[in-house]
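See structure below.
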Amino acid sequence: MTDPFSRLPHFTLFDAPTPLHEMTRLRAAIKEQNGTCPQLFIKRDDMTDLAGGGNKTRKLEYLIGDARKQNADTIVTAGALQSNHARQTAAAAAKAGLSSVLILFDTVPYEGAAYRRSGNLLLDNILGARLVIEGKDADPGEVFSRVMEEIISEGGTPYLIPVGGSNSIGALGYARAAGEILDQAAARKLDVTRILHASSSLGTQAGLLAGLAARASDVQVTGINVYRHDTQQMREDLVDLTEKTTERLGSRRVGAERFELVDGYLGEAYGVPTPEMKAAISTLAQAEGILLDPVYSGKAMAGLIGMIFRGEIGPDETVLFLHTGGMPGLFAYEGEFAA
Ligand SMILES: *Cc1c(COP(=O)(O)O)cnc(C)c1O
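The sequence shown: position 44 = 39 (my numbering), numbered continuously.
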């Protein structure tokens, strides 16, 4: 069988595979309180090589590949003020010798001095991105066209990457990651039953589902919703993006029963801390020496622990927690963790 990825434009940004290891001390800690605990593994996509790492790097390999194919010289993307995606895009553009413009919307209802100067924002500046910061009343469509026109009028060729890098090109990065996970599991004779991760713009989850379908694997994919209260709309978007990704990849369709988004761990809003997130971050740090982030992976870990305690994930499972990165965000939320 020919590799379906070999014909797709790609630009290498990190050294695959990322590490995968067992979390024996976390399992023991959960077992002590809960009586039972499934086998727990962690896939370290926080360790993709680029400027702090994270899941967007995998998507950017295909997005930058496409931008280069189209002879673009300026990458434009958008996100929240503390966007991990924006930071990784600035780094990827730098590595590919392209300019970057980051449109950052100051929309998260979180007050804290560090939020508006530290964390990802600090790194964006160091990485040489041009920042366009907009208030919460800005019309995203209008801002996008204004920025694109500006770049063109200055003689540049822009390439627009959507929020989170989540279109069917970006999702290819996670379709490929699904194969990487299956290969690593097979080499170690692990029968992974479930992959669990934080879901927001959905490229990670859609990509994983498409990639697993391409390998005829029925490993369950559980997305912890850290993004919005309208889960119904989110599910529809997930179905749509997964379908577009399977089409691009030429893999089989994904059955309706495979789209799992779990509620209950978002809290008040995207980017707003929850007590469960803070507890999960401390628990993992102190059990395994691994740092999560306050916006995504911390809430996803709260979801994993919560689902185990509620019996929604049984003791016979083997769960792979996908660490999607975001650690620089801890510094933006320093007030939550300061002694
Ligand atoms: C963007 C992001 C996610 C969510 O991934 P999506 O593909 O947007 O759903 C999860 N974790 C971290 C750290 C992220 O930056």
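Even glycine gets a Cβ: it sits at the ideal position worked out from N, Cα and C.
Being a predicted model, the structure only gives us computed values, none of them experimental.
Residues near residue i in its chain [Cβ-Cβ closer than 7 angstroms; skip 5 each side]
{"i": "L58", "result": "I156, G160, I164 and G165"}
{"i": "T152", "result": "N66, A67, D68 and T69"}
{"i": "E331", "result": "P268, K273 and P289"}
{"i": "L204", "result": "V216, T237, V249 and R253"}
{"i": "M42", "result": "T13, P14 and G48"}
Chain-order list of residues whose beta-carbon lies under 8 angstroms from that of residue i (same chain, five-residue window excluded)
{"i": "Y110", "result": "L76, Q77, V103, A327 and Y328"}
{"i": "G198", "result": "K54, G159, G160, S161, N162, G165, A166, G168, Y169 and L236"}
Contact test: residue i Cβ vs ligand 1 heavy atom, cutoff 7 angstroms
{"i": "Q77", "result": "no"}
{"i": "N50", "result": "yes"}
{"i": "S113", "result": "no"}
Proximal residues to residue i (C-beta, below 6 angstroms), its chain only, five neighbours per side dropped
{"i": "S94", "result": "T69"}
{"i": "M302", "result": "I308"}
{"i": "G47", "result": "P323"}
{"i": "K64", "result": "P4"}
Alpha carbon of residue i to alpha carbon of residue j, nearest angstrom
{"i": "A133", "j": "I176", "result": "40 angstroms"}
{"i": "A88", "j": "I98", "result": "15 angstroms"}
{"i": "M229", "j": "A251", "result": "14 angstroms"}
{"i": "S1", "j": "G174", "result": "14 angstroms"}
{"i": "G259", "j": "I128", "result": "31 angstroms"}
{"i": "A182", "j": "S140", "result": "48 angstroms"}
{"i": "S148", "j": "G136", "result": "18 angstroms"}
{"i": "Q215", "j": "T13", "result": "20 angstroms"}
{"i": "A124", "j": "A172", "result": "27 angstroms"}
{"i": "L287", "j": "S196", "result": "19 angstroms"}
{"i": "R247", "j": "L35", "result": "29 angstroms"}
{"i": "G298", "j": "G74", "result": "24 angstroms"}
{"i": "L325", "j": "L207", "result": "32 angstroms"}
{"i": "Q351", "j": "I37", "result": "Lying before the first or after the last residue shown, residue 351 is absent from the chain, which here runs from -4 to 334."}
{"i": "G60", "j": "P4", "result": "5 angstroms"}
{"i": "A86", "j": "T31", "result": "42 angstroms"}
{"i": "H16", "j": "V314", "result": "11 angstroms"}
{"i": "L117", "j": "T240", "result": "33 angstroms"}
{"i": "R210", "j": "L317", "result": "19 angstroms"}
{"i": "R112", "j": "T72", "result": "19 angstroms"}
{"i": "D101", "j": "G130", "result": "5 angstroms"}
heavy atom of ligand 3 below 7 angstroms from residue i C-beta
{"i": "L261", "result": "With respect to ligand 3, the structure shown offers nothing to examine, as its ligands consist of ligand 1."}
**Study point:** Residue ranges of each alpha helix (DSSP H) within the stretch 234 to 316, 4 or longer
**Key:** 270 to 283 and 292 to 304
Practice item. Pull every residue with its beta-carbon under 5 angstroms away from any heavy atom of ligand 1, and keep them in chain order. Key: N79, G159, A193, S194, S195, S196, L197, G198, T199, Y291, T319, G320 and G321
Exercise for review: Jot down the residue ranges of each uninterrupted beta strand (DSSP E) in the stretch 51 to 124, minimum 3 residues, whole runs only, in chain order.
Suggested key: 69 to 75 and 94 to 100
**Study point:** Sequence ranges, beta strand (DSSP E) only - wholly within the stretch 130 to 216, length at least 3
**Key:** 153 to 155 and 189 to 194
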